[in-house]
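**Student:** I'd like to ask some things about the structure below.
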Amino acid sequence: MPRTKRRRYTLAATLVALLLVGGIVGITTASAASGLDPHEPSHTGNATEPTEPRIVELYPSPVAHGNVGEFVTIEFPTETETDGWSLHDDGRQTAHLPNEPIEGTVVLSHDPAETRQHTNHDVYPLDGHIQFAEDGETVTLKRNGSIVDSVTYDRASEAELWERTEEGTGVWSPIEATDIAPATTNDTEATAFVLPDAPETPVELIERADERVMLAAYTYSDPRVTDALIAAHERGVDTQIAVEASPVGGTSNRSVDQLDELTAAGVDVVAFGGDHARYRFHHGKFAVADDEAIVMTENWKPSGAGGQANRGWGVVTHDGASAEAIADVFEEDLSASDSLQWEEYGETVEPVEEPEARGTYPAEFDPQQLTVEEVTVLTAPDNAEPEIRREIEDADESILLTQVSIGGQDDPLLQEAIEAARRGVELRILLSSAWYTDDENAELREWIDGIADTDDLDIDVRLADPGGSYEKLHTKGVIIDEETVIVGSINWNTHSLRENRELALVLDGNEVAEYYTRVFNSDWDGIRWRLPVGLGAVLVAGTTGATVTTHRRVEFA
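Numbering follows the UniProt record's numbering, with no gaps: position 125 of the sequence shown is 125.
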């Protein structure tokens, strides 16, 4: 039987995610606090249902010249006559609220037309003059000269919104940042696959599309996928692709060539980023094709989805609800102001050289269509961290984790996993042995081994030995209690969880967990019985009547 799920999709979960995004400001009900560190929470007591109007949002630093579009959002719990109500700042500027009854959450601005582009609330004009300071100040709401509410913010970054939280703190987030809840579908089927074993799976998904393809990539350079996207466009499929504008190391020459080819063929290509990027990186690796969706740990390039280098996990969902939830994320991002047309943005890119991946590897694990009891779509930074932490907290027996690397000893998910081990859960961690992570992963392994030895915990950490089945480990996956799998683009570090756009799936069900457990165990053991292509023939030709046996096992214990 599957574990009893304890999903609590509440405002509190969303606020936990928000608290981890940016600077914190203090809130007072009568007078402003001072000396606040914007990166630490300031608590003012237990949250209760408000009975008086209060300031809930501030937008002090718009992108527009002259800060046109500044606004304040006020929550009125009951209908309130606002004659005699006013807003004040540290500079002793004053703006008056409109003289009319107001109820609910409303926005007030000197520039209502500009402000309406950034909010779904009703917007009312302010009379008089108030201009918020970018380096922080106190904003006070008064009724006939008496203070009703007061908030203090610090160091307003351009295009960031200050939001009050129910705990009595405030957080900064990009003005166009999304607030997406997890989306769950029950009793469905999905196709589990791994790379480099099944590189045909991502391409076949696009080839099946009749109506739409939405593809999100951190990096992109796979010619097979380009051909499939152009073919889809030519048969009338609405085809869109979005890439990260500024990936680490730069955009490769191969990527520029492929994106230019797509643009020339009429495919809609955008780049997420620019001067006012909402997220540090758009790191997702997914696509929607009609009522199916694919979520991977690998990039859309030959070394990843192309099956020519990396070990990665992927899954194709066959229920329309999951595909629609993922499409909603794509469309939200596409509609934001940091969505740049490649045709123009590409002209500014200075490409970097990228070595070509040409590896060939055996198909040890075939794709399998499996029954899944529950599929949940997670996004970062919106909801992924609290949901993944909850899954780890719920672990009773085992956690199998595979990651390129982990963000250090204080990584919140690692700490949660170690706490699980303290209550008796078996913890296995498989990390990459690639040259660019080898030293840091070995150091982290030594630290975790020390904790396991000192506290007598059932924890084992290994560095992967590809052994001819793949070139390097690039997976981002978790298997919990042999019943739940988390797969997607999320790395175990705070940048990925709190600053990047990421997407992952939580898959509940014994069948899908068993599939990925077999892959994990194979990679964990590091045993390979395979001769490089061509070597077997040479050995046979060079030996007469001899039996040649080759065993290879290299293990980082």
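Just so it is clear, CB atoms sit at the ideal spot from N, CA and C, and this is done for glycine as well. On a predicted model such as this, the values are computed, not experimentally measured, just so you know.
Indicate the three-state DSSP secondary structure (helix, strand or coil) for Arg235 in the structure shown.
**Tutor:** Along the sequence shown, one-based indexing puts residue 235 at 235. Of the three classes helix, strand and coil, the one that applies to Arg235 here is coil, per DSSP.
**Student:** Identify, in the order they occur along the chain, each residue of the same chain with its Cβ nearer than 8 Å to the Cβ of Leu444, setting aside the five sequence neighbours on each side.
**Tutor:** Residue 444 sits at position 444 when you count from the first residue of the sequence shown. Taken in chain order, the residues that qualify are Ser405, Ile406, Gly408, Gln409, Leu431 and Val461.
**Student:** Between the beta-carbon of Ala271 and the beta-carbon of Gln368, is there less than 9 Å?
**Tutor:** Residue numbering aside, residue 271 sits at position 271 when the sequence shown is read from its first letter. Residue numbering aside, residue 368 sits at position 368 when the sequence shown is read from its first letter. Cβ distance not < 9 Å, so Ala271 and Gln368 don't count as in contact.
**Student:** Return helix, strand or coil for Trp85, following the three-state DSSP convention.
**Tutor:** Locating residue 85 in the sequence shown gives position 85, counting from the first residue. Note: Trp85 maps to strand in three-state DSSP.
**Student:** Determine the direct distance from the alpha carbon of Asn99 to that of Pro53, and round the result to whole angstroms.
**Tutor:** Numbered from its first residue, the sequence shown carries residue 53 at position 53. Numbered from its first residue, the sequence shown carries residue 99 at position 99. About 15 Å.
**Student:** Nearest to Tyr279 by CA position, among Glu514, Thr376 and Ser496, is which residue?
**Tutor:** One-based indexing of the sequence shown puts residue 279 at position 279. Nearest C-alpha to Tyr279: Ser496.
**Student:** CB residue 576 to CB Leu503, shorter than 9 Å?
**Tutor:** The shown model of the chain, from 1 to 557, leaves out residue 576, and the question about it has no answer.
**Student:** My output table needs one value for Pro174: the three-state DSSP class, helix, strand or coil.
**Tutor:** Here residue 174 refers to the residue found at position 174 of the sequence shown. In the structure shown, Pro174 sits in a strand (DSSP, three-state: E or B).
**Student:** Would you mind sorting Asp411 into buried or exposed? The rule is 16 or more other CB atoms within 10 Å of its CB.
**Tutor:** Looking up residue 411 in the sequence shown gives position 411. So Asp411 counts as buried.
**Student:** Decide if Arg498 is buried, meaning its Cβ has at least 16 other Cβ atoms within 10 Å, or exposed.
**Tutor:** Here residue 498 refers to the residue found at position 498 of the sequence shown. That one is buried.
**Student:** On the three-pair Cβ rule with 8 Å, is the segment 230 to 238 touching the segment 211 to 218?
**Tutor:** With a cut-off of 8 Å, the segment 211 to 218 and the segment 230 to 238 count as touching, because enough Cβ pairs lie within range.
**Student:** Does the segment 183 to 197 touch the segment 309 to 321, meaning 3 or more C-beta pairs lie closer than 8 Å?
**Tutor:** The segment 309 to 321 vs the segment 183 to 197: in contact.
**Student:** Tell me the DSSP bridge mates of Asn186?
**Tutor:** In the sequence shown, the residue the question calls residue 186 occupies position 186. In DSSP, Asn186 forms a bridge with Glu374.
**Student:** Hey, how far is the Cα of Glu514 from the Cα of Gly66?
**Tutor:** Your numbering for residue 514 matches position 514 in the sequence shown. Your numbering for residue 66 matches position 66 in the sequence shown. Taking the straight line joining both Cα atoms gives about 59 Å.
**Student:** Return the chain-ordered ranges of every beta strand (DSSP E) run that is complete within the segment 189 to 255 and spans a minimum of 3 residues.
**Tutor:** Runs found: 212 to 217 and 238 to 244.
**Student:** I'd like to know whether the C-beta of Glu52 is nearer than 9 Å to at least one C-beta of chain C.
**Tutor:** Structure shown: chain C not included; a single protein chain is present.
**Student:** Out of curiosity, what's the CA-to-CA distance linking Thr10 and Asp523?
**Tutor:** If you number the sequence shown from 1, residue 10 lands on position 10. If you number the sequence shown from 1, residue 523 lands on position 523. Model confidence at Thr10 stands at a pLDDT of 36, short of 50, so the residue's coordinates are unreliable; what they give is reported in the following sentence. In a straight line, the C-alpha of Thr10 is about 38 Å away from that of Asp523.
**Student:** Using the beta-carbon count (16 or more within 10 Å), is Tyr436 buried or exposed?
**Tutor:** In the sequence shown, the residue the question calls residue 436 occupies position 436. Label assigned to Tyr436: exposed.
**Student:** In whole angstroms, what separates the C-alpha of residue 565 from that of Val478?
**Tutor:** Any answer about residue 565 is impossible in this case: the structure gives the chain only from 1 up to 557.
**Student:** By the DSSP assignment, the beta strand (DSSP E) with Arg389 in it spans what residues?
**Tutor:** Counting from 1 along the sequence shown, the entry for residue 389 is found at position 389. Run containing Arg389: none in the beta strand (DSSP E); it sits in the alpha helix (DSSP H), Ala384 to Glu393.
**Student:** Compute the Euclidean distance between the alpha carbons of Glu343 and Gln117, then round it to the nearest angstrom.
**Tutor:** Translated into positions along the sequence shown, residue 343 becomes position 343. Translated into positions along the sequence shown, residue 117 becomes position 117. About 25 Å.
**Student:** Leaving out five residues on either side along the sequence, give the residues of the same chain with a beta carbon under 6 Å from the beta carbon of Ile230.
**Tutor:** Working through the sequence shown from its first residue, we reach residue 230 at position 230. So the list reads Ala265, once near-sequence residues are dropped.
**Student:** Whose C-beta lies closer than 6 Å to the C-beta of Gly35 among residues of the same chain, with five residues either side of it excluded?
**Tutor:** Residue 35 sits at position 35 when you count from the first residue of the sequence shown. Because the pLDDT at Gly35 is just 32, under 50, the model does not fix this residue reliably, and the value given afterwards should be weighed accordingly. Here the set comprises nothing.
**Student:** Output the boundary residues of the alpha helix (DSSP H) element that contains Thr451.
**Tutor:** Here residue 451 refers to the residue found at position 451 of the sequence shown. Inspection of the sequence shows that residue 451 is occupied by Ile rather than by Thr. Here the alpha helix (DSSP H) through Ile451 covers Asp438 to Asp455.
**Student:** Sorted by chain position, which residues of the same chain lie with C-beta nearer than 8 Å to Thr263's C-beta, five sequence neighbours on each side aside?
**Tutor:** Your numbering for residue 263 matches position 263 in the sequence shown. Same-chain partners within the cutoff: Val269, Trp342, Glu343 and Gly346.
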